[in-house]
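Numbering (my numbering), first residue to last: 5 to 257.
All C-beta atoms, glycine included, are put in the ideal place defined by N, C-alpha and C.
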């Protein structure tokens with residue numbers, strides 16, 4: 005079994021950026037997806053250029069900060085203040101248009117590409133919002149345009165993307181998050197279960213060095229430090245080796 009361990013939110017804050025790099029260098033993280041409109045986006049770009057072994061994709065955003073596109077071009081994506089809505093508001097009342105989302109996703113992809121100095125290898129969305137039909141449509145279109153792989157959340161989405169020629173892992177695992185699921189024993193148990201499967205699996209994670217900006221800006225902050233400790237624990241790497249799990253990136257697809 006091949007396992008892609010992808011760390012979301014690269015560039016969210018300096019502590020997120022440094023934590024992801026450490027989780028790659030000292031742990032089992034093999035890939036990351038980068039935010040194009042976050043406080044440490046440029047720092048993440050520098051880190052990506054200095055860490056060529058880390059697969060870097062685009063973490064496409066519609067629920068945080070401001071768009072890169074002119075607001076009059078993406079009116080369905082933003083509120084009256086010109087900012088993206090909170091994820092709860094988007095899911096409850098949002099009416100995003102696929103063409104406007106694609107315009108913004110293209111801008112974010114270009115920004116990531118410019119900063120990392122190479123093509124982003126894969127695509128996913130902040131807060132997994134491409135379960136919404138219009139945002140799924142936009143993500144699929146961008147993946148087809150760029151040739152990047154994409155995260156898919158379930159069998160229906162996976163089949164649709166593959167039918168369109170887009171590469172995607174055989175399964176997406178989001179169990180490694182939040183208190184109770186991110187400690188060492190929980191990850192070791194998860195690895196044991198995943199090793200019984202075949203194919204290419206993506207495991208999502210959110211490691212970080214929790215800094216003041218993260219503690220202020222995210223409800224999921226201190227637990228990211230626990231994730232980092234777990235992902236870099238020597239027993240995790242030893243378990244991966246013992247189980248014959250191959251840590252992979254998106255070139256495995």
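Which one or two residues does DSSP pair with residue i in a beta bridge?
i: residue 62; result: 38, 127
i: residue 231; result: For residue 231, which the question treats as bridged, DSSP gives no partner whatsoever.
i: residue 253; result: Looking at the DSSP assignment, residue 253 forms no beta bridge with any residue, so it has no partner.
i: residue 208; result: 10
i: residue 177; result: 207
i: residue 153; result: 126
Beta carbon of residue i, beta carbon of residue j: below 8 Å?
i: residue 205; j: residue 5; result: yes
i: residue 7; j: residue 200; result: no
i: residue 53; j: residue 121; result: yes
i: residue 155; j: residue 176; result: yes
i: residue 66; j: residue 133; result: yes
i: residue 62; j: residue 124; result: yes
i: residue 283; j: residue 180; result: This structure leaves residue 283 out entirely; the chain is present only between 5 and 257.
i: residue 225; j: residue 218; result: yes
i: residue 209; j: residue 9; result: yes
i: residue 23; j: residue 228; result: yes
i: residue 48; j: residue 14; result: yes
i: residue 68; j: residue 153; result: no
i: residue 70; j: residue 86; result: yes
i: residue 163; j: residue 148; result: no
Just checking my contact of residue i with residue j at CB under 8 Å: how many whole Å lie between their CB atoms?
i: residue 64; j: residue 173; result: About 17 Å; that fails the 8 Å criterion.
i: residue 238; j: residue 33; result: Actually they do not touch by this definition, with Cβ atoms about 15 Å apart.
i: residue 143; j: residue 127; result: 6 Å
i: residue 235; j: residue 27; result: 5 Å
i: residue 111; j: residue 73; result: 5 Å
i: residue 60; j: residue 45; result: Not confirmed; about 12 Å, so no contact.
i: residue 16; j: residue 42; result: 5 Å
i: residue 193; j: residue 157; result: Residue 193 to residue 157, Cβ: 22 Å. No contact.
i: residue 263; j: residue 170; result: Only positions 5 to 257 of the chain appear in the structure, and residue 263 is not among them; the question remains open.
Exercise. Three or more beta-carbon pairs under 8 Å between the segment 103-123 and the segment 71-84, yes or no?
Worked result: yes
Problem set entry | 3 or more residues per run - each beta strand (DSSP E) lying fully within the segment 76-131 | 126-129
Problem set entry | Three or more C-beta pairs below 8 Å linking the segment 55-70 and the segment 239-246 | no
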